[in-house]
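Top to bottom, those sequences are chains D and Z. Just so you know, we're using the working numbering here: the first sequence kicks off at 139 and counts up by one. Just so you know, we're using the working numbering here: the second sequence kicks off at 139 and counts up by one. The structure under discussion appears below in the form of structure tokens.
Number of protein chains: 2
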Amino acid sequence: MLADFLICNTSEVLSCAGPAPRIGRRQADAGSLARGVVAARGGLIVFVGHESDWRRLGTLTDDAVVLDARGGAVVPGFVDPHTHVIFAGDRRDELRRRLAGATYAEIAADGGGIVSSVNATRAATEDDLAADTRARLDEMLRCGTTTCEAKSGYGLTTDAELKMLRVLRAVAADHDIEVSPTLLGAHEVPVEYRERRRAYIDVVIREMIPAVARERLAEWCDVFCETGVFTPDESREILLAARQAGLKLRMHADELGPSGGSRVAAELRVRSADHLIFVDEAGADALAAAGVVATLLPIASFYLKLGRSAPARMLIDRGVAVALATDVNPGGGFSPSMPFAMTLACFSMGLTFEEALVGATLNAAYALDRHDHVGGLEPGKQMDAVLVSGPAGDLIRVGADTIRAVVKRGRVCHAR
Amino acid sequence: MLADFLICNTSEVLSCAGPAPRIGRRQADAGSLARGVVAARGGLIVFVGHESDWRRLGTLTDDAVVLDARGGAVVPGFVDPHTHVIFAGDRRDELRRRLAGATYAEIAADGGGIVSSVNATRAATEDDLAADTRARLDEMLRCGTTTCEAKSGYGLTTDAELKMLRVLRAVAADHDIEVSPTLLGAHEVPVEYRERRRAYIDVVIREMIPAVARERLAEWCDVFCETGVFTPDESREILLAARQAGLKLRMHADELGPSGGSRVAAELRVRSADHLIFVDEAGADALAAAGVVATLLPIASFYLKLGRSAPARMLIDRGVAVALATDVNPGGGFSPSMPFAMTLACFSMGLTFEEALVGATLNAAYALDRHDHVGGLEPGKQMDAVLVSGPAGDLIRVGADTIRAVVKRGRVCHAR
């Protein structure tokens, strides 16, 4: 067996190998292999196993790159299946203002809030939008993310949504992170349509979706189904139009209240229902029966101080595959870190470390329908990995800066 | 005014300057100065103010170091007033086991728990203990800590406690972090004294405290006052003996239950009562009246999944100065990051960003009785600072790696 890339001298490889998604008790199986090695050729994994077997079976090319893990652990590159990473404008100051007691209404009245992100994104040049997005992807990469989803949704006109997705495509073309693009024209009813929301839904269905499908600018269509945003009926109509146009489906569901999103998600068998802070047991059973992944975003609950998290334990126990994501966004998604999403999943949601890791890798890859080539360390998949400077559990030692290297397609694209 | 060190081109300097501690509403005053500059000479600050004033008043030496903040914010170097940073042995694997459901008793039965840290620390060579401690201090420094407290307490014999404090002194002598050492002989009754605890208390009082005082190995004496550890009466006796010997006092109080620690802290007017998860309003009033600082450790609540945090808002509202600390320790203090302590203080305890920052700087310096020379950016204090790559609020964007440089006594000791 010939390899041009090898990770050796590990304490443990957590491969997350095997069929996706991992459901129920199997979500706790992260595929631990003590002192494993991982070998790849041409960016694809050819071997994961014991060092002694590699010595017997493997050969390195003359120019092979050998990464000495120095006794640290190795896990798959993280897959972040829910981000709003492309936007213009800076709302980070809202964080301090909110903590000091400013209400969302006060911030919006001062020109903050989502409207300000929409205005800034519409006004931004493509170059500026690209530069901002690239910087955010760089941050995510340093946190170990090698594949992510990215949504439009701060344009809210056909032109501006298309601009976002075109810029995203251009940025993704030369970034180490592999990007799965999503049309989220139905992120919000824009101000100018507030009195005629039906007309905006028509724009989404008759203009945006066909144009995006025509240019193949997105793989997914998402809808923000929530009281005050889009109703379950509106969400269903938009999603069905998108499916008709060839887009795959995912949705924001039951984030701020039990607003019916998980019912629509199960009915349409969308790939992923996201947030689910208010999903109940009946909703969980419906998602499980329909094979919908629950993508949970504990960082959003944390920074928005929602005071509760999605019932992750209940979802796992009722047979729903759980994935984790960061929800990077301008107004509350302040952490680019999948390890922090894992940390909160463990300490606020009651997941085990292994469940959280599977949620951040294999199940997240399934949530993006990319589990055929990312999300696990096994032959045939891409050589995407994170080297930890100590044991794998160090990933959830917040602030300890324990990611030593990030590998995408067999190339070390971040190291310290 | 002559300076050999200058930080310029900031967006904001949060100086935390002024009298310590900051109590009540004043804790929210972090001393914001838009586009400020900070100048120092010989490691001491000589000027903090507007750029235009500096241009008028200041002169740089020929060999001056100029740090361009590139539009980022500057805050004082963090002061971490409660750590158990010196110990031997590695219990990080307990984190994963605990998350997977192992009880503390099961982990202890397998040779884990505090007993394992004591055994490892007793057995460790001074060189190994020094190397481990140095590595942990390095981690803290990268997180912006420039001054910290460090306790003994994993020796639990006179010799082993003295060894810890001697190693700590040696490590501190050539580390950038300024260390304030604490004798915590009364951390736990060691196994060999479980049936005769009085005899152990006598060892602490008659051997450890005099020996430590004689060698000037510690500035502070601390006691773990808690049900099942040391009673309020025992804690009082130990602390009074320490005061008699010339040590200053601090204590672990009301962490796991309302066990009377805050009453003792107020009665003895110790400098700092730490943890205080179960302090009530009467306890807060007593602390406020006695001028005791409340040092809160939200990272401990988080990683130990205590399910509640100290009532930080109540403490501030009742006039107690609140400081923040990491509680770095082998069994649960898994984060070396004062910014993470601030993050949890904001999002789990309801502090504003400014209150958290004052708690991590000026009030923490007061908790260590070092507010005369650290904890704030003002003339006469040490040139200890953290440069943020963006706005100051980025410090609480977990995982975003936003600390660009750490300065101690006018020297850049970490940069990226």
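Ideal Cβ positions, reconstructed from N, Cα and C, are used throughout, including at glycine.
Can you have a look at residue i and say buried or exposed, based on whether 16 or more other CB atoms are within 10 angstroms of its CB?
i         : result
Thr320(D) : buried
Arg208(D) : exposed
Glu264(Z) : exposed
Thr199(D) : exposed
Asp455(D) : exposed
Arg612(D) : As shown, chain D starts at 139 and ends at 554. That puts residue 612(D) outside it, with no answer to give.
Val367(Z) : buried
Glu333(Z) : exposed
Met139(Z) : exposed
Pro214(Z) : buried
Gly445(Z) : exposed
Lys443(D) : exposed
Glu353(D) : exposed
Leu506(Z) : buried
Leu500(Z) : buried
Thr271(D) : buried
Gly469(Z) : buried
Pro157(Z) : exposed
Gln382(D) : exposed
Val329(D) : exposed
Glu299(D) : buried
Can you find a CB in chain Z that lies within less than 8 Å of the CB of residue i?
i         : result
Asp539(D) : yes
Asp312(D) : no
Phe225(D) : no
Give a yes or no on whether the minimum CB-CB distance between residue i and chain D is below 8 Å.
i         : result
Gly219(Z) : Residue identity differs from the one stated: residue 219(Z) is Pro in this sequence, not Gly. With 8 Å as the cut-off, Pro219(Z) does not count as an interface residue toward chain D.
Val327(Z) : no
Asp465(Z) : no
Tyr242(Z) : no
Tyr441(Z) : yes
Phe491(Z) : yes
Asp231(Z) : yes
Ala543(Z) : no
Leu237(Z) : yes
Arg164(Z) : no
Residues bridged to residue i by DSSP?
i         : result
Arg451(Z) : Its beta-bridge partners do not exist; DSSP assigns none.
Pro214(D) : Ala523(D)
Pro319(D) : Ala288(D)
Lys386(D) : Trp358(D)
Glu150(D) : Ala172(D), Ala211(D)
Lys546(Z) : Arg549(Z)
Phe368(Z) : Cys363(Z)
Val204(D) : Leu144(D)
His188(D) : Gly174(D)
Ala391(Z) : Cys363(Z), His413(Z)
Under 7 Å between beta-carbons, which chain C residues line up against residue i? List them in chain order, please.
i         : result
Arg234(D) : Note that chain C does not occur in the displayed structure, where the protein chains are D and Z.
What residues in the region 467–488 of chain D bring their beta carbon closer than 7 Å to a beta carbon of chain Z? Phe472, Ser473, Pro474, Ser475, Pro477, Phe478, Cys484, Phe485
Taking a Cβ distance cut-off of 8 Å, strictly less, list which residues of the region 521–535 of chain Z are near chain D, in chain order. Gly528, Pro529, Ala530, Gly531, Asp532, Ile534, Arg535
Going along the region 257–290 of chain Z in order, which residues come within less than 7 Å of chain D, judged by CB to CB distance? Glu277, Arg280, Cys281
Secondary structure, beta strand (DSSP E): runs of 3+ residues fully inside the region 250–294 of chain D: 283–289
Note down, one range per segment and in chain order, each alpha helix (DSSP H) of at least 4 residues found wholly within the region 410–469 of chain Z. 419–428, 436–441, 450–455
What are the start and end residues of each continuous alpha helix (DSSP H) run of 4 or more residues lying completely inside the region 327–364 of chain D, in chain order? 335–340, 347–353
Which residue spans inside the region 475–544 of chain D form an unbroken alpha helix (DSSP H) run of at least 4? 476–485, 491–498, 500–505
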